[in-house]
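Below is one structure, written out as structure tokens; comments come after it.
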Amino acid sequence: MLDAGLNAVVWKCKFWEELEREELYGLLRLRAEVFVVEQNCPYQDLDDKDCSGLHLWAERSGSPASEGGAVLALTRLLPAGVSYPAEVSIGRVVTAQEVRRSGLGKELMIRSLDALHRQWPGEPIRLSAQQYLERFYADFGFEAVGESYLEDGIPHVAMTRPPG
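2 is the number of the first residue of the sequence shown in the numbering used here; add one for each residue after it.
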């Protein structure tokens, strides 16, 4: 599946209270590397929603999550009422630079949708997509709603996917 010469990937999915310290560190490390450093977007990543969420990620097999480069991709899945009143949400979608265009992002979305359907069945899903990724999310059944907007200086578009 991966063409970046990577070892096997291990997938994990845990609620906040189930996360080990090292796992949490690895997740936050990748988010900071991409959203703050790579995208040059200083913002407050810790927004009090992580504690309500289900965290799904891929890590390099045999590497502790706290080790740099061990967490390769992740999403944060939230129940309705946390980010949006009537929809569950997918957020903090990120892949490490070294594995982009390897298929890992698509696998991440497939697994995220599956986890959402298992945990909160029959719920509509909303996400805030960076505008250049609109077509990527459309391939998973998401449709843009409303006009594009700036979030932390980056063009975004709200997208929803009906239940089912």
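Just so it is clear, CB atoms sit at the ideal spot from N, CA and C, and this is done for glycine as well.
A quick note: this is a predicted structure, and the numbers were derived from the prediction, not measured.
- request: Compare the Cα-Cα distances from ALA33 to each of CYS14, VAL10, ARG93, TRP58 and report the closest residue.
  value: Taking the sequence shown and counting its residues from 1, one reaches residue 33 at position 32. Checking every option, the nearest Cα to that of ALA33 belongs to ARG93.
query: Under a three-way DSSP split, which group does ALA71 fall into?
result: On the sequence shown, residue 71 is found 70 positions in, with the first residue counted as 1. It is coil, neither helix nor strand.
message: Given a cut-off of 9 Å on the beta-carbon distance, is the pair ILE91 and LEU117 in contact?
response: Here residue 91 refers to the residue found at position 90 of the sequence shown. Here residue 117 refers to the residue found at position 116 of the sequence shown. Yes, the pair counts as a contact, with Cβ atoms nearer than the cut-off.
Continuous alpha helix (DSSP H) assignments of at least 4 residues falling wholly in the segment 92-144: 105-120, 135-139
message: Taking the beta strand (DSSP E) that GLU60 belongs to, which residues open and close that run?
response: For the purposes of this step, residue 60 is identified with residue 59 of the sequence shown, where counting begins at 1. Looking at the DSSP string, the run of the beta strand (DSSP E) that includes GLU60 is 55-61.
task: State the CB to CB distance for the pair LEU1 and ARG112, rounded to an integer number of angstroms; the pair is presumed to be in contact (CB under 8 Å).
output: Absent from the model: residue 1. The displayed extent of the chain is 2 to 165, so no value can be given.
query: According to DSSP, is LEU1 helix, strand or coil?
result: Absent from the model: residue 1. The displayed extent of the chain is 2 to 165, so no value can be given.
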